[in-house]
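So the sequence shown is numbered by my numbering: it starts at 631 and just counts up by one.
Beta carbons are placed, not taken as given, at the ideal position from N, Cα and C, and that holds for glycine.
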Amino acid sequence: MREHLEIYCAIKGIRSDYCEEIIEMSLIEMDLKQYSDVFAGKLSGGNKRKLQCCLALLGNPAVILLDEPSTGVDP
C-alpha cells in the first residue's frame with residue numbers, strides 16, 4: 631500500500647523529501663499504519679476505501695468530489 635502512496639506523490643508532483651512525512655501522516659490519520667506493508671489487493675473493502683481517500687487527499691487539492699466514501703468503512 632505504501633507503494634501506491636509513493637507513486638501518487640510522484641504523479642502529483644510532491645517533492646520527494648516531503649513524501650515520506652506525508653505518507654506517514656496519511657496512514658496515521660486514516661488508521662492504516664498497521665497495513666502499510668500489505669498489498670492493496672489483500673486489503674478489506676473498507677481499508678481499500680480508506681486508501682482511496684488517502685490518494686485523493688494527497689497534494690492538498692483545491693476540490694475533491696467524493697461519492698459516498700464512507701460506505702463500508704468502519705466508524
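- Around the beta carbon of tyrosine 648, a 10 Å sphere encloses fewer than 16 other beta carbons of the protein chains shown; the residue is thus reported as exposed.
- Residue environment: arginine 679 is assigned as buried (16 or more neighbouring CB atoms within 10 Å of its CB, all protein chains considered).
- Counting along the chain, the unbroken alpha helix (DSSP H) around arginine 679 starts and ends at 675-687.
- Ranked by Cα distance from alanine 670, the options Ile658, Leu685 and Pro699 are led by Leu685.
- Excluding residues up to 5 positions away in sequence, Ser666 lie with their Cβ nearer than 6 Å to the Cβ of arginine 632 in the same chain.
- For tyrosine 638, the enclosing alpha helix (DSSP H) begins and ends at 632-641.
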